[in-house]
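This report refers to the structure that appears directly beneath it.
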Amino acid sequence: ADAELLSAMVTFFQNVGLTSEDVGIKVNSRLVIGEVLSELGIPAEKFAATCVLVDKLEKVPLDAIQDDLEEIGLDRTVVEKLTQVLTVTSIDGIKKVLGKESRAVQQIDKLMTLCKAYGIEDWIIFDASVVRGLAYYTGVVFEAFDRKGVLRAIAGGGRYDKLLETFGGDPTPAAGFGFGDAVIVELLKDRDLLPSFESAGIDTVVFAMGEDMYPAAVNVANILRSAGQNVDLVLENKKTKWVFKHADRLGAKYCAIIGSEEFAKGEVAIKDLELGEQKTLLQTELSKWASTALEHATPSQ
178 ADAELLSAMV
188 TFFQNVGLTS
198 EDVGIKVNSR
208 LVIGEVLSEL
218 GIPAEKFAAT
228 CVLVDKLEKV
238 PLDAIQDDLE
248 EIGLDRTVVE
258 KLTQVLTVTS
268 IDGIKKVLGK
278 ESRAVQQIDK
288 LMTLCKAYGI
298 EDWIIFDASV
308 VRGLAYYTGV
318 VFEAFDRKGV
328 LRAIAGGGRY
338 DKLLETFGGD
348 PTPAAGFGFG
358 DAVIVELLKD
368 RDLLPSFESA
378 GIDTVVFAMG
388 EDMYPAAVNV
398 ANILRSAGQN
408 VDLVLENKKT
418 KWVFKHADRL
428 GAKYCAIIGS
438 EEFAKGEVAI
448 KDLELGEQKT
458 LLQTELSKWA
468 STALEHATPS
478 Q
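So the sequence shown is numbered by the numbering used here: it starts at 178 and just counts up by one.
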């Protein structure tokens with residue numbers, strides 16, 4: 178599951194035009210720091226708190242968290258030894274520290290083998306300093322980062338097998354990750370990959386002239402959508418002028434106006450926003466009209 182998540186993350190990056198030259202993903206296992214702390218004589222109950230503090234060391238110097246370390250009973254020399262281990266950035270390096278029989282090493286070896294099978298090894302970097310600050314992680318952890326080093330973490334996640342159990346649920350293995358949407362946008366802007374949203378791909382904007390016409394407008398929108406059109410449905414108390422400007426911003430070609438008098442006669446007003454022409458259709462003709470309009474749509478739509 179961990180490798181599957183990493184593959185899903187890479188697939189997203191590729192789909193938005195990013196490459197392994199733009200983004201890297203640092204991976205580690207909480208088992209690494211767990212084994213190191215155990216060798217240093219740190220009790221298991223201090224493990225989570227230590228991880229939270231160690232995670233801060235990437236952003237602040239050791240002196241800045243000295244008081245916090247002392248509060249949980251950690252000697253400065255212990256943390257200095259721990260940080261020496263956490264500077265290891267190769268599988269061979271961590272094998273020398275923990276030994277080939279280490280559970281942490283075996284877990285990372287297996288993950289790297291799977292990443293190679295997924296064809297994403299160019300994106301993956303082992304980095305023992307990645308521990309993730311949240312206390313609930315229990316195994317593999319990972320962070321996506323900007324290769325230029327300009328932006329903060331792009332995404333992060335890992336395994337948290339005891340999280341549901343903590344909140345009273347059944348013991349359930351779990352893993353996941355989250356993205357920083359603002360960071361992704363900045364990254365795409367920097368690489369000139371952010372798509373233009375000038376046209377939202379909307380064919381027709383459907384607008385009800387009054388609240389009593391909302392159900393009728395929903396019905397018209399459903400008919401047009403069933404015929405294959407992309408429809409934006411406006412169920413708000415707006416003036417017609419606003420709706421036309423809204424449709425123009427979306428790049429829509431048509432506007433379907435649902436008025437009480439017309440609808441009582443089984444009719445719907447359709448305005449062609451490109452030609453500025455308006456006509457009235459019977460409700461029974463809407464599906465055929467929608468299909469024909471799609472056939473004659475310009476390639477930009």
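All residues carry an ideal CB built from backbone N, CA and C; glycine is no exception.
Task: Closest residue to Asn-407 among Leu-370, Gly-378, Ala-332, Ala-394 (Cα-Cα distance) - done: By one-based count along the sequence shown, residue 407 stands at place 230. Ranking Leu-370, Gly-378, Ala-332, Ala-394 by Cα distance to Asn-407 puts Gly-378 first.
Task: Paired residues, beta bridge with Thr-456 - DSSP - done: For the purposes of this step, residue 456 is identified with residue 279 of the sequence shown, where counting begins at 1. According to the sequence displayed, residue 456 carries Lys and not Thr. Lys-456 pairs with Ile-447.
TODO: Locate the beta strand (DSSP E) running through Ala-352, then write down its first and last residues.
DONE: Position 175 of the sequence shown holds residue 352. Counting along the chain, the beta strand (DSSP E) containing Ala-352 begins and ends at 352-356.
Task: contact_flag[the segment 335-342, the segment 356-375] where n(CB pairs < 8 angstroms) is 3 or more - done: With fewer than three CB-CB distances shorter than 8 angstroms, the segment 335-342 does not count as touching the segment 356-375.
Task: Local Cβ density within 10 Å of Val-382, reported as buried at 16 or more and exposed below that - done: Counting from 1 along the sequence shown, the entry for residue 382 is found at position 205. Classification for Val-382: buried.
Open item on the list: Counting beta carbon pairs with one atom in the segment 454-472 and one in the segment 387-406, are three or more of them shorter than 8 angstroms?
Closed with: yes
TODO: Specify whether the segment 197-216 and the segment 279-290 touch according to this definition: at least 3 beta carbon pairs, one from each stretch, less than 8 angstroms apart.
DONE: yes
TODO: Report the residue from Gly-436, Gly-428, Glu-451, Ser-215 whose alpha carbon sits nearest the alpha carbon of Glu-388.
DONE: Translated into positions along the sequence shown, residue 388 becomes position 211. Nearest C-alpha to Glu-388: Gly-436.
Task: Length at least 4, wholly inside the segment 281-365: the alpha helix (DSSP H) runs in chain order - done: Taking 4 residues as the shortest admissible run, the segment 281-365 contains the following complete alpha helix (DSSP H) segments, listed from N- to C-terminal end: 340-343.
Task: Local conformation of Asn-192 per DSSP, three classes - done: Residue 192 sits at position 15 when you count from the first residue of the sequence shown. In the three-state scheme derived from DSSP, where H, G and I count as helix and E and B as strand, Asn-192 is classed as helix.
Task: Limits of the unbroken alpha helix (DSSP H) element including Gly-270 - done: Locating residue 270 in the sequence shown gives position 93, where the first residue counts as 1. Residues 268-275.
TODO: Measure the alpha-carbon distance for Ile-210 versus Val-395 and round it to whole angstroms.
DONE: Here residue 210 refers to the residue found at position 33 when the sequence shown is read from its first residue. Here residue 395 refers to the residue found at position 218 when the sequence shown is read from its first residue. Taking the straight line joining both Cα atoms gives about 57 angstroms.
Open item on the list: If you reduce the DSSP assignment to three classes, tell me which class Thr-381 lands in.
Closed with: Within the sequence shown, residue 381 is the residue found at index 204, counting from 1. Strand, per DSSP.
Task: First through last residue of the alpha helix (DSSP H) which encompasses Ser-403 - done: The sequence position of residue 403 within the sequence shown is 226, counting from 1. Residues 391-403.
Task: Span separating the alpha-carbon of Val-411 from that of Lys-456 - done: Looking up residue 411 in the sequence shown gives position 234. Looking up residue 456 in the sequence shown gives position 279. Between Val-411 and Lys-456, the C-alpha separation is close to 20 angstroms.
Task: Residues that Ser-206 bridges to, as DSSP identifies them - done: Locating residue 206 in the sequence shown gives position 29, counting from the first residue. Ser-206 pairs with Val-317.
- [ ] Might you give, ordered along the chain, the residues of its own chain that have their beta carbon closer than 6 angstroms to the beta carbon of Ser-477, omitting 5 neighbours on each side?
- [x] Translated into positions along the sequence shown, residue 477 becomes position 300. Low local confidence applies: a pLDDT of 41 at Ser-477 is under 50, so the model's placement there is unreliable, and no value is given.
Open item on the list: Across the segment 291-305 and the segment 258-274, are there enough close Cβ pairs to call them in contact, namely three or more that are closer than 8 angstroms?
Closed with: yes
- [ ] Have a look at Ala-185 and Lys-430 and give me their C-alpha separation to the nearest angstrom.
- [x] For the purposes of this step, residue 185 is identified with residue 8 of the sequence shown, where counting begins at 1. For the purposes of this step, residue 430 is identified with residue 253 of the sequence shown, where counting begins at 1. Per the coordinates, the alpha-carbon of Ala-185 lies some 36 angstroms from the alpha-carbon of Lys-430.
Task: In DSSP terms, what Cys-432 is bridged to - done: Taking the sequence shown and counting its residues from 1, one reaches residue 432 at position 255. In DSSP, Cys-432 forms a bridge with Val-382, Lys-448.
Open item on the list: Can you tell me whether Val-237 is helix, strand or coil according to DSSP?
Closed with: Mapped onto the sequence shown, residue 237 falls at position 60. DSSP places Val-237 in coil when its eight states are reduced to three.
Open item on the list: Taking 8 angstroms as the limit between beta carbons, can you name the residues of its chain near Asp-245, skipping five residues before and five after?
Closed with: The residue labelled residue 245 in the question sits at position 68 within the sequence shown. Correct list, in chain order: Leu-230.
Open item on the list: Which residue marks the beginning of the alpha helix (DSSP H) containing Leu-427, and which one marks its end?
Closed with: Within the sequence shown, numbered from 1, the residue matching residue 427 stands at position 250. Note, Leu-427: alpha helix (DSSP H), 417-427.
- [ ] Compare the beta carbon distance of Val-193 and Leu-365 with 8 angstroms and say whether it is the shorter of the two.
- [x] If you number the sequence shown from 1, residue 193 lands on position 16. If you number the sequence shown from 1, residue 365 lands on position 188. Cβ distance < 8 angstroms, so Val-193 and Leu-365 count as in contact.
Task: With 16 other Cβ atoms within 10 Å as the buried cut-off, status of Gly-316 - done: Translated into the one-based positions of the sequence shown, residue 316 becomes position 139. Counting Cβ neighbours within 10 Å, Gly-316 comes out buried, since at least 16 surround it.
Open item on the list: Assuming contact is defined by CB atoms lying nearer than 8 angstroms, are Asp-199 and Arg-324 in contact in what I supplied?
Closed with: Position 22 of the sequence shown, counted from the start, is the residue given in the question as residue 199. Position 147 of the sequence shown, counted from the start, is the residue given in the question as residue 324. Yes, these two residues count as a Cβ contact at 8 angstroms.
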